[in-house]
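The numbering of the sequence shown is my numbering, which starts it at 1 and goes up by one.
Inspection log for the structure reproduced underneath, given as structure tokens.
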Amino acid sequence: MPLQRSGKDFTIMKVLPSGVYQFRFIVDGRWRYAPDLPWAKDDAANTYNILDLQLCSVVK
Numbered sequence: 001m002p003l004q005r006s007g008k009d010f011t012i013m014k015v016l017p018s019g020v021y022q023f024r025f026i027v028d029g030r031w032r033y034a035p036d037l038p039w040a041k042d043d044a045a046n047t048y049n050i051l052d053l054q055l056c057s058v059v060k
């Protein structure tokens with residue numbers, strides 16, 4: 001999914017159902033993660049970020 005540039009930041013807006021998501025970024029052809037966000041490593045030692053939306057509720 002391509003990100004949109006906003007000043008020096010890059011953003012994307014998506015509607016996601018409740019759940020736990022893993023993500024990372026491709027920067028200059030290399031996989032990256034954001035070390036200031038929750039992260040984990042898989043069995044192959046790949047590092048990725050975690051987004052936990054299990055306890056989120058919809059605000060109307």
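Cβ atoms here follow ideal geometry from the backbone N, Cα and C, with glycine treated the same way.
Small disclaimer: the values here were computed from a predicted structure and weren't measured.
Name the residue from Ser18, Ile26 and Ile50 whose alpha carbon lies nearest to the alpha carbon of methionine 1. Distances from the CA of methionine 1 to each of Ser18, Ile26 and Ile50 were compared; the closest alpha carbon is that of Ile26.
Closest to threonine 31 by C-alpha separation, out of Ile12, Asp9 and Asn46, would be which residue? Strictly speaking, residue 31 in this sequence is tryptophan, with threonine absent from that position. Among Ile12, Asp9 and Asn46, the Cα nearest to that of tryptophan 31 is on Asn46.
Distance check for leucine 51 and valine 20, CA to CA, integer angstroms please. Taking C-alpha positions only, valine 20 is separated from leucine 51 by approximately 6 Å.
With distances taken Cα to Cα, identify the nearest neighbour of alanine 34 among Asn49, Ala44 and Asp9. From the listed residues Asn49, Ala44 and Asp9, the smallest Cα separation to alanine 34 is found for Asn49.
Just to confirm, is the Cβ distance from threonine 11 to glutamine 22 under 8 Å? One thing to note: threonine 11 has its Cβ no nearer than 8 Å to the Cβ of glutamine 22.
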